[in-house]
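Student: Before we start, here is the structure in question, set down as structure tokens.
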Amino acid sequence: MPLGMPEFVENPETRCPVILLLDVSGSMSGKPLQELNRGLAAFQQDVSQDAQASLSVEVAIVTFGPVQLSQDFVTIDNFTPPELKPEGLTPMGGAIEYALDLLENRKTIYKNNGISYYRPWVFLITDGAPTDDWSQAAKRLQDAESNRGLCFFAVGVEGADFDTLKRISPERPPVKLNGLDFRSLFVWLSASMKRVSSGKVGEAVALPPVAWGQITS
Amino acid sequence: MVWKAVARSRVGRIHQSQKLPCQDHCGYHISNDVIVGVVADGAGSAKYSDEGSKLAVKTVLDCFKTINLEPGKLSCSRSEEETRELLTKIVEKVIRQLQQTAEEKHCHINDFACTLLVLIATPDWLGAMQVGDGFIVVRSQSSEDYQLLFTPDKGEFVNETTFITSTHALEEMQVKVMSSPRFIAAATDGLEKVAIRFIDWKPFSPFFKPFEEYLQETGDPEEEDQYLLEFLDSERLNARTDDDKTLLLCLWE
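Which chain is which? The protein sequence lines are A and B, in order. Take 1 as the starting number for the first sequence in our numbering and just add one per residue. Take 218 as the starting number for the second sequence in our numbering and just add one per residue.
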């Protein structure tokens, strides 16, 4: 009797969620936002080149302020980078809390659908100081970090309040972006996501070197 | 009737492209109607992960080779608790062996981190343990259904698991006994996503049935391993997983 070949079960792709928390306050208008928009496009293009990553990496974009869901979670193959426009203040605390809630909802969806996932990344980019009370957000963030529930990265553009960023995220010091080199930042983020999304069990993923900014400490 | 068995590990695409050795190892030992099977997956982050998994497999098999295995001694009277005791001793021995090797090489035991799955089966009884991920699937003589013995030990995130070298390995060790095993398959996590349906952790029968038929059709699967090797090296499988792949297959027939 000729032997049949084993058939494969169709399981959903393992997801690699990342939330971009982007400051679109008035001070970001002009060149900074232009470069940030170009950076987002570079991110989309770069991840797309990796077939596995484009199905695994899921991006959501929260802009502030006001705090808005500019893009709900979407895999990169379906992601069209939005055109960000300058708006009001810098409610960073509210934005962080919004992102944490968004992430919890996403995890529930994953769990209910038998989708496995990597540790989520939350990536904050700002050029200012919070204009709201951020103490509760910082506490929730630090709890999530110490439970290893997520990785939070803060990136400051020239003029950002690095002391406050350090207090929000004491575990991982904020990085100061070189000029407005958002492109290099997002290509790095893409490279990191590709590594994470092909990571194997128990493997501590070594991230590419940060060549786009200075780690403050 | 006898146990027919075969076990093979093949390097995955990622390690192949990096010219790294296969970090999975496996093996089995048959004596007096008793089969002992072992599967281990070296942690990618560990320095000597390939040696760790190899040594773990060898240590377990050596343990059983030195004791006289008789089905009577192991039979269905052995409860889960007694099985845990037996398997704990074996795991402790593996940990000691890894520790000793680490000392000889002047490195840390974590450099030998690996997962470990061990099964002991007689025609009327099966006892098994698992630390970390990977899977053991069994079909008993009285059922058509394939049963997953343990849900893989994963953290919240897909790339986290427990290793035999973790400080809490023995607490995390899962143990189970069942009666009358007929077909057993044990594998490392490289095969998880094609063989197990994640939403309810059910083994996918069309994956396992051909392997059972292969063992039925084959006189000596150890000699006639082409079917298994072709599968493990197939493009079709490599398109779905880039990890190392191990499959241990046993049939009481």
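Yeah, the Cβ is synthetic: ideal placement off N, Cα and C, and Gly gets one too.
Please state the DSSP three-state secondary structure of residue 462 of chain B.
Tutor: On the second sequence, residue 462 of chain B is found 245 positions in, with the first residue counted as 1. Looking at residue 462 of chain B - three-state DSSP - the assignment turns out to be strand.
Student: Determine which residues of the stretch 109-127 of chain A have a Cβ less than 8 Å from any Cβ of chain B, and write them out in chain order.
Tutor: For the stretch 109-127 of chain A, which is checked against every Cβ of chain B, the residues closer than 8 Å are 113, 114, 115, 116, 117, 118, 119.
Student: When the Cβ atoms of the stretch 358-370 of chain B are set against those of the stretch 412-420 of chain B, are three or more pairs found closer than 8 Å?
Tutor: The answer is yes - the stretch 412-420 of chain B touches the stretch 358-370 of chain B, with three or more Cβ pairs under 8 Å.
Student: How about residue 331 of chain B and residue 396 of chain B: do their beta carbons lie closer than 8 Å?
Tutor: Sequence index remark: in the second sequence, residue 331 of chain B carries index 114 (1-based). Sequence index remark: in the second sequence, residue 396 of chain B carries index 179 (1-based). In this structure, residue 396 of chain B does not lie closer than 8 Å to residue 331 of chain B by Cβ.
Student: To test your reading of the DSSP string, which unbroken alpha helix (DSSP H) runs of 4 or more residues are found completely within the stretch 373-399 of chain B?
Tutor: Fully enclosed alpha helix (DSSP H) runs of 4 or longer: 386-389.
Student: Would DSSP call residue 232 of chain B helix, strand or coil?
Tutor: In the second sequence, residue 232 of chain B corresponds to position 15, counting from 1. Helix, per DSSP.
Student: Which word fits residue 28 of chain A, buried or exposed, when buried means at least 16 other C-beta atoms lie within 10 angstroms of its C-beta?
Tutor: Position 28 of the first sequence holds residue 28 of chain A. Result: buried.
Student: Does residue 7 of chain A have its Cβ less than 8 Å from a Cβ in chain B?
Tutor: Looking up residue 7 of chain A in the first sequence gives position 7. Chain B, which has a Cβ nearer than 8 Å to the Cβ of residue 7 of chain A, makes this yes.
Student: Below 7 Å CB to CB, which residues in the same chain sit around residue 202 of chain A once its five sequence neighbours on both sides are set aside?
Tutor: Reading the first sequence from its first residue, position 202 is the one you call residue 202 of chain A. Note that residue 202 of chain A has pLDDT 43, beneath the 50 cutoff, so the model's placement of it is unreliable and the number below is only indicative. Hits under 7 Å: none found.
Student: Is DSSP giving residue 430 of chain B helix, strand or coil here?
Tutor: Residue 430 of chain B sits at position 213 when you count from the first residue of the second sequence. If DSSP states are grouped into helix, strand and coil, residue 430 of chain B belongs with the helices.
Student: For the stretch 429-451 of chain B, enumerate the residues whose C-beta is nearer than 7 Å to any C-beta of chain A, in chain order.
Tutor: From the stretch 429-451 of chain B, only 430, 431, 434, 444, 448 have a Cβ closer than 7 Å to chain A.
Student: What are the boundary residues of the alpha helix (DSSP H) that includes residue 134 of chain A?
Tutor: Taking the first sequence and counting its residues from 1, one reaches residue 134 of chain A at position 134. Per DSSP, residue 134 of chain A belongs to no alpha helix (DSSP H) and is neither H nor E.
Student: Classify residue 257 of chain B as helix, strand or coil using the three-state DSSP reduction.
Tutor: Taking the second sequence and counting its residues from 1, the one referred to as residue 257 of chain B is at position 40. If DSSP states are grouped into helix, strand and coil, residue 257 of chain B belongs with the strands.
Student: Mind pulling the beta strand (DSSP E) runs of 3 or more residues that sit fully within the stretch 154-199 of chain A?
Tutor: For the stretch 154-199 of chain A, whole beta strand (DSSP E) runs of length 3 or above, ordered along the chain, are 175-177.
Student: Using a cut-off of 8 Å between C-beta atoms, extract the partners of residue 3 of chain A located in chain B.
Tutor: Position 3 of the first sequence, counting from 1, holds the residue named residue 3 of chain A. Under the 8 Å cutoff, chain B gives 427, 430, 431, 434, 444.
Student: From which residue to which residue does the beta strand (DSSP E) around residue 245 of chain B run?
Tutor: Here residue 245 of chain B refers to the residue found at position 28 of the second sequence. Residues 241-248.
Student: Taking residue 93 of chain A and residue 137 of chain A to be in contact with their CB atoms under 8 Å, please state how far apart those CB atoms are, rounded to whole angstroms.
Tutor: Within the first sequence, residue 93 of chain A is the residue found at index 93, counting from 1. Within the first sequence, residue 137 of chain A is the residue found at index 137, counting from 1. About 4 Å separates the two Cβ atoms, so the contact holds.
Student: Hey, how far is the Cα of residue 465 of chain B from the Cα of residue 386 of chain B?
Tutor: Here residue 465 of chain B refers to the residue found at position 248 of the second sequence. Here residue 386 of chain B refers to the residue found at position 169 of the second sequence. Rounded to the nearest angstrom, the two C-alpha atoms are 23 Å apart.
Student: Helix, strand or coil for residue 221 of chain B, going by three-state DSSP, please let me know.
Tutor: On the second sequence, position 4 is the one that residue 221 of chain B refers to. Residue state, collapsed to three classes: strand.
Student: With a 10 Å radius around its C-beta and 16 neighbouring C-beta atoms as the bar for buried, classify residue 112 of chain A as buried or exposed.
Tutor: By one-based count along the first sequence, residue 112 of chain A stands at place 112. So residue 112 of chain A counts as exposed.
Student: Where does residue 125 of chain A sit, in a helix, a strand or coil, going by DSSP?
Tutor: The residue labelled residue 125 of chain A in the question sits at position 125 within the first sequence. Three-state DSSP puts residue 125 of chain A in a strand.
Student: Does residue 11 of chain A have its Cβ less than 8 Å from a Cβ in chain B?
Tutor: Stepping through the first sequence from its first residue, residue 11 of chain A is reached at position 11. At least one chain B Cβ lies under 8 Å of residue 11 of chain A.
Student: Which word fits residue 443 of chain B, buried or exposed, when buried means at least 16 other C-beta atoms lie within 10 angstroms of its C-beta?
Tutor: Counting from 1 along the second sequence, the entry for residue 443 of chain B is found at position 226. Classification of residue 443 of chain B: exposed, given that the 10 Å Cβ count is below 16.
Student: Name the DSSP bridge partner or partners of residue 145 of chain A?
Tutor: As a first step, residue 145 of chain A must be located in the first sequence, where it is residue number 145. According to DSSP, which records beta bridges pairwise, residue 145 of chain A is partnered with nothing at all.
Student: Would you mind listing the beta strand (DSSP E) stretches within the stretch 24-85 of chain A that are 3+ residues and don't spill past its ends, in chain order?
Tutor: DSSP runs (the beta strand (DSSP E)) wholly in the stretch 24-85 of chain A: 57-64, 68-75.
Student: So with Cβ pairs under 8 Å, would you call residue 224 of chain B a contact of chain A?
Tutor: In the second sequence, the residue the question calls residue 224 of chain B occupies position 7. It does not; no Cβ of chain A falls within 8 Å.
Student: DSSP puts residue 117 of chain A in a beta bridge; with which residues?
Tutor: Residue numbering aside, residue 117 of chain A sits at position 117 when the first sequence is read from its first letter. BP columns for residue 117 of chain A point to A:15.
Student: Give the interface partners of residue 227 of chain B over in chain A, defined as CB-CB distance under 9 Å, in chain order.
Tutor: Working through the second sequence from its first residue, we reach residue 227 of chain B at position 10. Those do not exist, as residue 227 of chain B stays about 14 Å from chain A at its closest Cβ, beyond 9 Å.
Student: Anyone know if the C-beta pair for residue 424 of chain B and residue 412 of chain B falls short of 8 Å?
Tutor: Taking the second sequence and counting its residues from 1, the one referred to as residue 424 of chain B is at position 207. Taking the second sequence and counting its residues from 1, the one referred to as residue 412 of chain B is at position 195. Contact: yes.
Student: Taking any Cβ of chain A, which residues in the stretch 347-371 of chain B have a Cβ under 7 Å from it, in chain order?
Tutor: Going along the stretch 347-371 of chain B in chain order, one finds 350 with a Cβ nearer than 7 Å to chain A.
Student: I'd like the span of the alpha helix (DSSP H) that includes residue 88 of chain A, first residue to last.
Tutor: If you number the first sequence from 1, residue 88 of chain A lands on position 88. Looking at the DSSP string, residue 88 of chain A is not in any alpha helix (DSSP H), and its letter there is neither H nor E.
Student: For the candidate residues A:182, A:132, A:14, whose alpha-carbon lies nearest to that of residue 54 of chain A?
Tutor: Within the first sequence, the letter at position 54 stands for residue 54 of chain A. Of the listed residues, the one whose Cα sits closest to residue 54 of chain A is A:14.
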